[in-house]
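A short worksheet on the structure shown next.
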Ligand SMILES: Cc1cc2nc3c(=O)[nH]c(=O)nc-3n(C[C@H](O)[C@H](O)[C@H](O)COP(=O)(O)OP(=O)(O)OC[C@H]3O[C@@H](n4cnc5c(N)ncnc54)[C@H](O)[C@@H]3O)c2cc1C
Ligand SMILES: Cc1cc2nc3c(=O)[nH]c(=O)nc-3n(C[C@H](O)[C@H](O)[C@H](O)COP(=O)(O)OP(=O)(O)OC[C@H]3O[C@@H](n4cnc5c(N)ncnc54)[C@H](O)[C@@H]3O)c2cc1C
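Protein chains in written order, with UniProt numbering: chain A, 1 to 320; chain B, 1 to 261.
As structure tokens, this is what we get:
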């Protein structure tokens, strides 16, 4: 069977969930071969193997951390040369898309970004995209070269499928471009202990209606009662009430959870662009005319400071 | 020595309009008004700020698009850019990302540059890949997704707020930069700016001028094909209730029915 390269997103060998989703999708197209760059390949190999990786091509070098993107492209290209895959799948993170983009140019292949589903087709993989702020669903193919496809988080549920997952060292020689952009410092984001926004099954977001940083604890309390991630609209972020890393929408994170709860958010097109593919949408807004109500499965017209704490208490009681 | 800045700007259908696909499954440019992609305004703004700081700089705005795309160039010129380049050719209709990056790279090389500045993504295709593709094609450093950027002594530095960390980046010019909407509000064109823009030069280039074969671009030359585009079915109307004091509890009951609690 054809091999399919899967680019691994991980933090020091702790594989992030979108990669496991990619392995599941990759198995529809062929045998997944994982590409692990940086430290922790042995730890990663275990979980990658459990999810169907027939092997793990691993490379570690200081260049991956010390310079932006380009060294990773050199490595992914080395994996591509070693395997001649039927497709290359990359998680749709900001960096993932850039790595995929440069690889596509180098190998002269078409690229499809932000796929939300993948299927095998007679003429190669068929990617489903959700475009124009989720107003349209398209089906696309790569027609020249080896399909390079980036896939959004939450596009599939990871299914275990034991495979060998043996680690093989990948030889990488870095090109002249590799050291072009120096990373002079890096400050890791402090963990809140809450689930990762893009990966969470439930997201609770607050908007301008939350009316102040000091009130965001109302949103956080609901999120914590549900084991959810916290999101925010750009209005809330721009006002400095919540970090930009939590922004949901076109220029923030794109989320696709099982449940999305919007509190005090009007539902502007740019916000919708980042959450409209959520499976179930719930909103609390005091304005019955707010456009967000056009999207909801369940909406409450009311004051979030009444509704949200009451909901939080009720969730806690029911969960006992 | 003068600093040559090229800003890539895209003409896109207004996101607040009813965007659709045309029959050939390319973007329907008839149904909705077009405008300069809002995220490219941030790129123009940073270019103008960098140019103000430099001793001697020139800002050229560049677009690849149909005749109407001239509107996007005019907007950027009225914000304060010095001149414009418009790559326009019937054979470009339906060009995908790989093709667009090829055309932009050739046009940038022909124009001459020390610094290329892009928006973080277009508001229509929203791929966010063009800046990285341009760096690859031009063989210069990519310094992308910056929320802060400055240029000094032949170097570009900036802050990138990534998924898991915030990074400080540094590269020597020439380089390709992209900026996010966190980089600073874009200025509004002044009346004077709008009047002055009318007199600024717009150079028009076609594929021949760039030595690009028509077969490498357009719908036929594309590396990707869209086989189907279906309008999302309208969501079945959900339940919307007014809070009469028990709204939170009602919501909890709904969430429990849906097995979220
Ligand atoms: C290029 C571009 C990119 C953008 N990207 C994004 C993005 O990524 N994400 C994003 O979110 N936005 C984005 N925006 C901004 C977007 O257009 C809206 O301005 C923004 O989403 C509005 O945020 P909001 O809904 O919180 O605020 P508003 O639109 O001001 O809505 C606040 C809502 O809260 C309700 N409310 C007030 N008080 C209460 C209360 N006590 N209880 C209940 N409800 C209450 C009000 O009725 C209102 O509906 C972008 C805009 C542009 C131009
Ligand atoms: C809904 C939709 C989905 C698409 N999906 C794909 C796909 O999966 N694969 C594919 O190959 N193509 C796709 N395309 C086509 C693609 O959008 C165009 O080729 C486009 O010009 C490049 O991609 P982008 O606009 O998404 O660029 P992005 O990478 O999002 O744009 C980043 C920046 O590049 C610059 N830029 C982009 N285009 C131009 C231009 N024409 N002129 C000047 N500057 C520009 C701007 O500064 C912009 O801010 C899609 C188009 C649409 C409308």
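Ideal Cβ placement from N, Cα and C applies to all residues, glycine included.
*Nearest to residue 264 of chain B by alpha carbon, out of B:236, B:106, B:123?*
Any answer about residue 264 of chain B is impossible in this case: the structure gives chain B only from 1 up to 261.
*Counting only beta-carbon atoms, is residue 217 of chain A nearer than 7 angstroms to chain B?*
no
_Cutoff 7 angstroms: residue 146 of chain A Cβ touching any chain B Cβ_ = No, its Cβ sits nowhere closer than 7 angstroms to a Cβ of chain B.
*asked:* Measuring straight from C-alpha to C-alpha, what distance separates residue 99 of chain A and residue 182 of chain A?
replied: 16 angstroms
*Spatially closest choice to residue 90 of chain A from A:36, A:249, A:137, by CA coordinates*: Of the listed residues, the one whose Cα sits closest to residue 90 of chain A is A:36.
_DSSP beta-bridge partners of residue 36 of chain A_ = A:58
*Between residue 241 of chain A and residue 134 of chain A, what straight-line distance do the alpha-carbon atoms span, to the nearest angstrom?*
Their Cα atoms are separated by approximately 27 angstroms.
*asked:* Let me see if you follow: with CB-CB separation under 7 angstroms, is residue 138 of chain A close to chain B or not?
replied: yes
*For residue 154 of chain A, which beta-bridge partners are listed by DSSP?*
Per DSSP, none; premise fails for residue 154 of chain A.
*Does the distance from the CB of residue 163 of chain A to the CB of residue 52 of chain A come in under 7 angstroms?*
yes
*By the 10 Å Cβ neighbour count, where 16 or more other Cβ atoms means buried, how is residue 176 of chain A classified, buried or exposed?*
exposed
_chain B contact residues for residue 226 of chain A, given Cβ-Cβ distances below 9 angstroms_ = In chain order: 255, 260, 261.
*Between residue 251 of chain A and ligand 1, is the CB less than 6 angstroms from at least one heavy atom?*
yes
*asked:* Please report the distance separating the alpha-carbon of residue 88 of chain B from that of residue 137 of chain B.
replied: 20 angstroms
*In the DSSP assignment, find the beta strand (DSSP E) that holds residue 57 of chain B and state where it starts and stops.*
57–64
*At a cut-off of 6 angstroms, is residue 57 of chain B close to ligand 1 when judged by its beta-carbon and the heavy atoms of the ligand?*
Because no heavy atom of ligand 1 lies under 6 angstroms away, the Cβ of residue 57 of chain B does not count as near it: no.
*If you draw a straight line from the alpha carbon of residue 151 of chain A to that of residue 125 of chain A, how long is it in whole angstroms?*
The C-alpha of residue 151 of chain A lies about 12 angstroms from the C-alpha of residue 125 of chain A.
*Go ahead and pull the three-state DSSP assignment for residue 242 of chain A.*
coil
*Limits of the alpha helix (DSSP H) - the one that residue 256 of chain B falls within*: 247–257
_Bounding residues of the alpha helix (DSSP H) (the contiguous stretch that carries residue 51 of chain A)_ = First-last for residue 51 of chain A: undefined, no H or E at that position.
*In angstroms with no decimal places, state the Cα-to-Cα distance between residue 61 of chain B and residue 129 of chain A.*
30 angstroms
*Return the Cβ separation of residue 282 of chain A and residue 173 of chain B in integer angstroms, given the expectation that the two are a contact with Cβ distance under 8 angstroms.*
Not quite, the Cβ-Cβ distance comes to about 49 angstroms (not below 8 angstroms), so this is no contact.
*Contacts of residue 170 of chain B in chain A (Cβ-Cβ under 7 angstroms)*: 182, 184
_Contact set between residue 308 of chain A and chain B, taken where Cβ atoms lie within less than 8 angstroms_ = 248
_To the nearest angstrom, how far is the alpha carbon of residue 74 of chain B from that of residue 198 of chain B?_
8 angstroms
*In three-state terms, what does DSSP make of residue 74 of chain A?*
helix
*Within 10 angstroms of the Cβ of residue 275 of chain A, are there 16 or more other Cβ atoms? Answer buried if so, exposed if not.*
buried
*With DSSP collapsed to three states, give me the class of residue 126 of chain A.*
strand
*Please indicate yes or no: does the CB of residue 38 of chain B lie closer than 6 angstroms to some heavy atom of ligand 1?*
yes
*asked:* Check this for me: beta carbons of residue 134 of chain B and residue 179 of chain B, under 7 angstroms apart or not?
replied: no
*Identity of the residue in B:23, B:37, B:8 nearest residue 15 of chain B by Cα*: B:37
*CB contact flag (residue 118 of chain A, residue 127 of chain A, <7 angstroms)*: yes
*Around the Cβ of residue 113 of chain B, are there at least 16 other Cβ atoms within 10 angstroms (buried) or fewer (exposed)?*
buried
*Within 6 angstroms: the Cβ of residue 271 of chain A and any heavy atom of ligand 1?*
yes
*Identify the residues that DSSP records as bridge partners of residue 21 of chain B: which are they?*
B:27
*Entirely within the stretch 205–265 of chain A and at least 3 residues each: give me those beta strand (DSSP E) ranges in chain order.*
229–232, 259–263
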